[in-house]
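Residue numbers (the working numbering): 2 to 192.
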């Protein structure tokens with residue numbers, strides 16, 4: 002009988018460590034509170050998954066306390082290594098709160114009973130969607146200008162003249178091949 006009590010305590014400890022909520026805080030540098038809130042609500046209302054199908058998604062946004070409650074039911078057929086396909090359902094309950102900080106920060110709490118790493122996947126997917134709606138983490142800050150390489154010192158063995166830079170028509174600037182960052186985020190966000 003004395004052996005059964007430690008086993009029960011160990012089992013309860015393991016079960017309690019794998020059940021409950023996980024929490025994470027994400028900071029949105031260079032974004033306004035209104036932009037972040039709008040992107041958070043849109044990401045909660047319109048989830049996108051690469052490996053799950055959204056069966057049902059209910060999102061409630063409370064503007065007064067900057068809180069979003071989400072209940073989500075996901076489904077997929079998991080057929081790893083061409084074995085028998087297995088139907089998987091996953092039910093999630095999240096609370097996301099936009100904190101009153103500068104820069105804006107949001108906490109994501111998984112309130113479903115789950116393995117913590119599964120909750121991390123949900124959190125990562127949600128914040129990836131928010132960042133995508135905001136135009137990425139660095140969409141508002143231009144990338145640093147590349148520095149020109151140092152010219153090589155001429156050697157006695159080289160009699161080749163340097164190649165001149167291509168000329169542009171007078172007064173015209175060459176157009177960039179691709180924009181380095183979008184002028185506006187890909188969604189209409191309040192100014």
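Each residue gets a CB set at the ideal place from its N, CA and C atoms; glycine is no exception.
Contact between the stretch 68-78 and the stretch 93-103 is present, with at least three C-beta pairs closer than 8 Å.
Look at the stretch 66-149 and you find these whole runs of beta strand (DSSP E), each 3 residues long or longer: 68-79, 87-100, 106-111.
The three-state secondary structure of residue 46, taken from DSSP, is helix. If you compare the alpha carbons of 87, 53, 57, 46 with that of residue 122, the shortest gap goes to 53. Taking C-beta atoms as the reference points, residue 40 and residue 69 fail to come closer than 8 Å. Taking residue 134 as reference, the option from 27, 26, 31, 36 with the minimal CA-CA separation is 36. Per DSSP, the unbroken beta strand (DSSP E) holding residue 59 starts and ends at 54-63. For the pair residue 63 and residue 99, the Cα-to-Cα distance works out to about 11 Å.
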